[in-house]
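Residue numbers (full-length UniProt numbering): 1 to 256.
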């Protein structure tokens, strides 16, 4: 049972952000389905938040589903604050100046020129609803990728900024057990080495303890996009063109 003494204890801890005010809560349970990682439950006729499972996405509080306004959030401190950066789309990451788990303009390559001819842009997103991911799990993936010597991690990316060394894929020790909604590793690969990286992604998928999705971005110049598609299909991947494309309307095209 979630006792009042434990509630007070959690409020005193500086690494705890989201919690339920036990005096205000009536145990209706309306907030439970609003948590994308299943961190909210009802115990002893009161809603409680599992602090270890919570990713500080603020979905429960921002939904305003609680009729008693019992969902509260203390000011977040590091390393717990990293959960909010990677899980709450309204949190701005200071080192990159963007919100969200990846770069702001990955889908607008025609105006940013992030992925150049001869190179393929890739994004590997670990986590997502219910599964979530810890930085320890993300590190396992990043280290495997970095070990090939083939990838270049995107510097303007919150995940890369939290690495001790983006050449090795190792993260800061203090955040390894922090749990986040998802984390997006973004990197570039030479087209001629794409098949090797795709094969490694299959190996990683079989070993990792969380789920991940893979995105590939290519320019169309010289028929490179078709060549990339053939490489992916040859590696056993089903290519599914993504409809979420931001065309960068009103902005000048990048000149390669």
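We put the beta carbon where it would ideally sit given N, CA and C, even for glycine.
DSSP state of residue 34, grouped into three classes? helix
Whole runs of the alpha helix (DSSP H) within the region 162-222, excluding any shorter than 4 residues: 194-207
Between the C-alpha atoms of residue 1 and residue 68, what's the straight-line distance to the nearest angstrom? Note that residue 1 has pLDDT 34, beneath the 50 cutoff, so the model's placement of it is unreliable and no number is given.
Spatially closest choice to residue 33 from 130, 26, 240 and 88, by CA coordinates: 130
With distances taken from CA atoms, which of 224, 254, 229 and 233 is nearest residue 119? 224
Helix, strand or coil: which one does DSSP assign to residue 43? strand
Looking at the secondary structure, which residues open and close the alpha helix (DSSP H) in which residue 234 lies? 224-234
Straight-line CA distance for residue 86 to residue 221? 34 Å
Under a Cβ-count criterion, where at least 16 other Cβ atoms within 10 Å of its own Cβ denotes burial, should residue 255 be classed as buried or exposed? exposed
Could you check where the alpha helix (DSSP H) with residue 82 kicks off and where it finishes? 81-87
Buried or exposed, going by whether 16 or more other CB atoms sit within 10 Å of the CB of residue 9? Residue confidence is low: residue 9 scores 36 on pLDDT, short of 50, so the model does not pin down where it sits. No coordinate-derived value is stated.
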